[in-house]
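Just so you know, the sequences run in chain order A and B. Positions 1 to 249 (my numbering) are the ones given, in order, by the first sequence. Positions 250 to 658 (my numbering) are the ones given, in order, by the second sequence. Using N, Cα and C, we set each Cβ at its ideal position, and we do this for glycine too.
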Amino acid sequence: MIQTHAGPIIQLRDIERRYRLGKTAVLALRGVTVDFWSGEFTAIAGPSGSGKTTLLNIIGCIDKPNGGRLALRGKDVTDQPTHRLASLRNQYFGFIFQTFNLIPVLTAYENIEYPLVINGTPKAERRRRVEELLVRVGLAEHRRHRPNELSGGQRQRVAIARALVNRPVAVLADEPTANLDSRTGGEILDLMSELNESQQVTFLFSTHDASIISRARRVLLMADGILQEDERASFTHAAPVIVPVAVGA
Amino acid sequence: MKFLALAFRNVFRNSRRTALTLLVITFGATALILAGGFFLYNYEGLRETSIRNGLGHLQIYTRDHLDKSEEHPLQYGINHYRELQEWLEGRPHVMATTAQVDFVGLISNGEKSEAFLGNGVEPDRETLLGFSLNLKEGEPLSEESSDAGQVILGTLLAKSLNAKVGDVLTVMSTTTDGALNAIDVKVVGMYSTGIKEYDARSIRMPLQSAQHLLESDRVSKVIVKLDATRNTEMVRDELAAAKLGPYGAGLEMKTWQALATFYNQVVSLYNSIFVFVGAIIVILVVLSSSNTMMMSVYERVREIGTLMALGTRRRQVLTIFVLEGFLIGVLGATIGLAVSYGLIGVINHAGLMMPPPPSFNKGFPLLVKFVPELFAAVFFMMVALLTVAALVPAARGSRLEIVDALGHV
């Protein structure tokens, strides 16, 4: 069970991420400091190579920073071991990928259920949550369909349901509409927005699509690995504090 | 269980590749079972043939006969063999016994002489023991009812001497005292052992004739036939514990296995072939399945990244792929066992013959023995091989960095 936390749910301090491309060192993130709060609907915008995806990966514990600190609900998780990070990802985040990334051999129902299966949620509870989400994303009739039997929009709806099933602290979506036509992309964005408004689901998504950026209530503009702008619609909070506590200890 | 179900579905996601792997496993399992079953059939056939053709299950000699070289025939022979036989035949599991005299000498038709290896035998007792001789012409030996000695010859020896049934030949040998002795014997039959060298040199005559020729009332050995070959060691130990009875002083036993030189050579050769064939099959199966699993990992790199992003631990990813190898192994081995079972039936009813082995003049039937233990061993070996073969690809998959895996194209 994730404890409630009064401050920001995600805190990044001076995050740096370097890559090596052959003999060249690439600085993908240069000292990014930013906080995210529960219920946000935030777009991380910027051109290709600006560091959007890297930032989402660091936040989602998919990637590790070379410098700086990351805290989730006030707990420093920067130096957690690999297996602990796997648990953190499962408990704290839902992921939506540009290419949907559903498991081909699992049905829509099973794909949504998977995060609950690996964290040992009892079967009855799993069924209750998955059924609820299938209805919520409008795929109740497609529960037994495998990904190759679904359209792009339906697949992304399954991915959204899968991202929500473990009731995460935040849903991280990397270019969620990039592989969809504009109408389907709009529908997916409507669904995400509606979930944010009605259920206070926190969404952080990367995009370089101006029409999507306009729907966000907070926009972080990235360029060359630097957080250039942070435009908020209505969020005002106290200064966050990172508390170095081992998660799961 | 959740990963087993996932692995099971993954096994069938690329049906063509899985079918190819299953084909290799089926081929491997079938080859091992058929080769093993064929060899085991031959071991058993050769063993029982050797026992039935004169080895018996146990042979009893004097210790001196085994340790020393005789200067004269029957110098170290057994004296009280009748009493020994009577005692032996009263023991559990002993079906019958027979005494034999081994001797050498020359056999002549008056114009031509040939060296021979002779056996003095008890025809009636040998019948009781179930000893069989492949008689090609004439009659088998019988207990002597007249003064005229009888002899049966190996076919090639008879041919060399131009001897026919009814001819009288002269057999010469050295007596126990070192003197030269000769008796006339009537040819009553000709036989073939299947071994050319033996057919060109061997003769058999009744025990009394041989003893008469050698001027001795001893025998070289007493042969014991048991109710079943599997009891050999047990009976040997029991007889040894009883010191071979009241007339057992100075006597020693040998089992058929210690005496069956040809059988042991064949077993050794076939075992070597089986190990060689088995090693090739193991390498083939491991390389093939390992390659398949590696392809499977590379094709699913992004999926592995997704699984790990959703919270699947590295060892769980490893488990999924190892389980896939395990399942393919179970499936392939099961098909292999079923195919083998069917082929054994087909082969055993086909009436196929193998060509004669070296030094033999006739072939033998191609039959494959159904051995449940062999089926079980091959099954478990195939499953273990596939599981082990999946380890390296699975380890590679589980060590992928999530970011790299998710970005894999």
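Using a Cβ-Cβ cut-off of 7 Å, valine 77 of chain A does not count as an interface residue toward chain B, since no Cβ of chain B sits closer than that to its own.
For a cut-off of 8 Å, the C-beta gap from leucine 384 of chain B to glycine 438 of chain B is around 5 Å, short enough to register as a contact. Of the other Cβ atoms in all chains shown, fewer than 16 fall within 10 Å of the Cβ of serine 521 of chain B; this residue is therefore exposed. At least one C-beta of chain A is nearer than 7 Å to the C-beta of threonine 555 of chain B.
Here the stretch 36-45 of chain A does not lie against the stretch 184-191 of chain A, with fewer than 3 beta-carbon pairs under 8 Å apart. At a C-beta separation below 8 Å, alanine 86 of chain A has these neighbours in chain B: Met557, Gly560, Thr561, Arg562 and Arg563. Between valine 473 of chain B and tyrosine 330 of chain B, the C-beta gap is not smaller than 7 Å, which leaves the two residues out of contact.
Its Cα nearest to that of serine 211 of chain A, the residue A/Ala43 stands out among A/Val135, A/Thr33, A/Leu172 and A/Ala43.
Here asparagine 90 of chain A has Pro115, Ile118, Asn119 and Asn166 as same chain residues with Cβ atoms under 7 Å from its own Cβ, once five neighbours each way along the sequence are excluded.
Residue A/Gly225 holds the alpha-carbon nearest to the alpha-carbon of proline 65 of chain A among A/Gly225, A/Phe93 and A/Gln200.
In the structure shown, proline 47 of chain A falls within a coil segment according to DSSP collapsed to helix, strand and coil. For leucine 281 of chain B, same chain residues with a beta-carbon under 7 Å away, outside a window of 5 residues either side, are Gly527, Ile530 and Val627 in chain order. Scanning A/Asp35, A/Tyr109 and A/Arg146 for the CA closest to the CA of lysine 123 of chain A turns up A/Tyr109. Phenylalanine 365 of chain B sits away from isoleucine 444 of chain B, with the two beta carbons spaced by 7 Å or more. Per the C-alpha coordinates, the member of B/Thr270, B/Asn302, B/Leu283 and B/Ala254 positioned closest to leucine 508 of chain B is B/Asn302. Fewer than three beta-carbon pairs drawn from the stretch 420-428 of chain B and the stretch 483-500 of chain B are found closer than 8 Å, and the two stretches are therefore not classed as touching. Look at leucine 488 of chain B here: in three-state DSSP terms it is helix. Separation of the CB atoms of isoleucine 96 of chain A and alanine 161 of chain A is rounded to 10 Å, and the pair is thereby denied contact status at 8 Å. DSSP links leucine 21 of chain A through a beta bridge to A/Thr24.
For the stretch 57-70 of chain A, the set of residues with a beta-carbon nearer than 8 Å to any beta-carbon of chain B comprises Asn57, Gly60, Ile62 and Asp63, in chain order.
When DSSP reads this structure, valine 350 of chain B sits in a beta bridge with B/Gly369.
DSSP lists no bridge partner for proline 176 of chain A. From the beta-carbon of asparagine 148 of chain A, no residue of chain B is found nearer than 9 Å; the closest lies around 10 Å away. Here the C-alpha atom of leucine 195 of chain A lies approximately 16 Å from the C-alpha atom of threonine 177 of chain A. Short of 6 Å from the beta carbon of aspartate 230 of chain A, and not among the five residues preceding or following it, lie these beta carbons of its own chain, in chain order: Leu220. Within the stretch 161-180 of chain A, contact with chain B at the beta-carbon level (separation under 7 Å) is assigned to no residue. The residue among B/Val417, B/Glu360 and B/Pro372 with its C-alpha nearest the C-alpha of lysine 435 of chain B is B/Val417. Under the three-state reduction of DSSP output, tyrosine 519 of chain B falls in the helix class. When CB distances to chain B are screened at a threshold of 9 Å, not a single residue of the stretch 192-206 of chain A falls below it. No residue range can be given for phenylalanine 261 of chain B, since it is assigned to no alpha helix (DSSP H) and is classified by DSSP as neither H nor E.
A contact between stretches requires three or more CB pairs, one per stretch, nearer than 8 Å, and the stretch 72-84 of chain A fails this requirement with the stretch 137-144 of chain A.
In the three-state DSSP reduction, lysine 618 of chain B falls in the coil class, being neither helix nor strand.
For asparagine 259 of chain B, a Cβ of chain A is located within less than 7 Å of the residue's own Cβ. The Cβ of arginine 301 of chain B sits no closer than 7 Å to any Cβ of chain A. Boundaries for proline 495 of chain B: no alpha helix (DSSP H) harbours it, and the DSSP string shows neither H nor E there. Only those residues of the stretch 95-108 of chain A whose C-beta falls short of 9 Å from the nearest C-beta of chain B are listed: Phe95, Phe97, Thr99, Asn101, Leu102, Ile103, Pro104, Val105 and Leu106.
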